[in-house]
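In my numbering, the protein residues as written are 5 to 158.
All residues carry an ideal CB built from backbone N, CA and C; glycine is no exception.
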Amino acid sequence: MADSPPPLQRSMIAEAATPQSLERGDRYYRQGRILKPHRQAGKLWGECYGSELYKTSVTLNADGTIAIFDCTCPYDWGGICKHQVALLLAYLHEPQQFQVIAPVETLLEGRSREDLVMLIERMLKRNPELLDLIAAMPASTNRTVPLTAYHEQI
């Protein structure tokens, strides 16, 4: 639900980060380094300006615990990185700054087949590897069969 943000406490962030990442992420948050923050249900994402501009995201469970996290930075020393800490602190202290995005189903409902195909083609131009997902997805079998077809078998 896009309107129901998961709860979050600083202790949850501290448990997911090393003390050094927590300290640096807190500094990044206080310096206003989180850009373009978004939220869709429990998924938070944005950009964090560190030594470079990094794309960072965190998905929260319904209870506010961290489920999934990702960042384009090279950090690989356990727990969440300072960019994710900064993102979570921004959400904790300034959730109103996060642009709320409706669920995908809501965004796509009412669109024509042609519009959806055009959208997918645009997405494939940006991310050609998505074609593998499309190729691996089985065709929909959502066709209805009239009950009269089964009457003889019953």
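* To do: Excluding the 5 residues preceding and the 5 following GLU109 in the sequence, name in chain order all residues of the same chain whose CB lies nearer than 6 Å to its CB.
  => none
* May I ask you to verify whether the stretch 93 to 101 touches the stretch 120 to 134, counting CB pairs closer than 8 Å and requiring at least 3? => no
* **Beta-bridge partners of TRP49, as assigned by DSSP** => HIS42 and SER61
* To do: For ASN165, collect the residues of the same chain with a Cβ closer than 8 Å to its Cβ; drop the 5 residues on either side in sequence, then sort them by chain order.
  => Residue 165 lies beyond the residue range present for the chain, which begins at 5 and ends at 158; the question has no answer from this structure.
* Asked: Would DSSP call GLN103 helix, strand or coil?
  -> strand
* **Start-to-end residues for the beta strand (DSSP E) that takes in ALA143** => Run containing ALA143: none; DSSP gives neither H nor E here.
* Who are the near neighbours of THR63 in its chain, counting only those whose CB is closer than 7 Å to its CB and skipping five residues on each side? -> Cβ within range, chain order: GLY46, LYS47, ALA71 and ILE72.
* Quick one: measure Cβ to Cβ for GLU41 and LEU91, integer angstroms, because I've assumed they're closer than 8 Å. => The identity of residue 41 in the sequence shown is Pro, whereas the question assumes Glu. The pair is a contact, with the Cβ atoms about 7 Å apart (cut-off 8 Å).
* Can you tell me the Cα-Cα spacing of VAL89 and GLY82, whole angstroms? -> Looking at the backbone, the Cα of VAL89 and that of GLY82 are separated by about 13 Å.
* Asked: Helix, strand or coil: how does DSSP classify ASP136 here?
  -> helix
* Asked: Would a C-beta distance cut-off of 8 Å place TYR53 and CYS75 closer than the cut-off?
  -> With a cutoff of 8 Å on beta-carbon distance, TYR53 and CYS75 are scored as not near each other.
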